[in-house]
Amino acid sequence: MSLWLTRLAPGPASRTARKELAGLPGTSLHRRVMSLFPDEAQGPARARYQVLYRVEDTARGSHLLIQSNHRPDPARLPDGYGTLTTRPLDSLLDALQDGLPLHYRCAASPVRKPTANTRALYNLPAVVALKGAAADEWWQRQAENAGLKLLSQQSQPLDTVHDRQASAGTGGNGGSGTGRGQDNRVRHQRIRFDGTATIADAEQLRAALVHGIGPGKAYGCGLLSIAPTTDAA
């Protein structure tokens, strides 16, 4: 099964594209991403096609990175919405080996889930968003579980995603939201982690690249991007 990385650049005349990519990842952008894939998927489509995405802000404006196990269909975009540039990631995955230095980036939603006793004692929600040093420690654990040995780490808080789901059963293409209550509100606090690392376990890293890291994958979180380098120190 192949893995594809797609860059979606918005069309200069498309107000819809600029609005969707300039705003926070939410239901509208998630639906746009999933519209690029076949409708006949059995079960949650995001999981079926292993779709992960992230909005990248550059000097030339925002564009979208989409990773999937099925090649997106550019014909499914509205006229003038934007252009897709897709390349396979198979050679990158095959080249991964223990000890290889690389750069990494991941926009994630760091959380912890207190035990029932802790929640009752401190009146905490089921899922607690992490900030500062706690978020950095969360990323260090996630990176280790993803087969990485961190050499450097920078974290940059991003805007928090707020959204609303139509019902408890909606949103099967994504994950559950941080702090989601009975009114079906979704909240994902996001932090972008960048840095350098070496590969400690290539198989674990391949799995993390395919499946993503942490919650909020339907809201632009969890896509781990890597770029091998000759010197990651």
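So the sequence shown is residues 143 to 375, counted in this note's numbering.
Here a beta-carbon is modelled for each residue, glycine too, at the ideal position from N, C-alpha and C.
Check, Outcome
"Residue from Arg190, Val352, Pro267 whose Cα sits closest to the Cα of Lys255", "Pro267"
"Residue span of the beta strand (DSSP E) that contains Thr148, given as start and end", "146 to 152"
"Cβ-based neighbour list, Arg222, same chain, cut-off 7 Å, excluding 5 preceding and 5 following", "It is Gly, not Arg, that sits at residue 222 in the sequence shown. Closer than 7 Å at Cβ, skipping near neighbours: Gly153, Ala155, Ser156."
"Run of the alpha helix (DSSP H) containing Glu198, from where it starts to where it stops", "Premise fails: Glu198 lies in the beta strand (DSSP E), 194 to 200, not in any alpha helix (DSSP H)."
"Pair within 7 Å by beta-carbon distance, Arg218 and Leu171", "no"
"Inter-residue CB distance, Ile333 and Ser297 (contact presumed, cutoff 8 Å)", "5 Å"
"Short Cβ contact (7 Å threshold) for Gly274 with Gln346", "no"
"Stretch pair the stretch 201 to 214 + the stretch 334 to 343: three plus CB contacts closer than 8 Å", "no"
"Nearest to Pro214 (by Cα), restricted to the options Asp343, Thr372, Asp301, Thr148", "Thr148"
"Contact between the stretch 353 to 361 and the stretch 184 to 204 (3+ Cβ pairs under 8 Å)", "yes"
"Close Cβ partners of Arg261 (< 8 Å) along its chain, the five nearest in sequence each way excluded", "Pro267, Ala268"
"Beta-carbon contacts of Thr158 that lie in its chain and below 8 Å, excluding the five residues immediately before and after", "Pro220, Tyr223"
"Cα-Cα separation between Leu238 and Ser144, rounded to whole angstroms", "15 Å"
"Backbone secondary structure at Asp278 - three-state DSSP", "helix"
"Beta-carbon proximity check, Pro216 vs Leu226, cutoff 7 Å", "yes"
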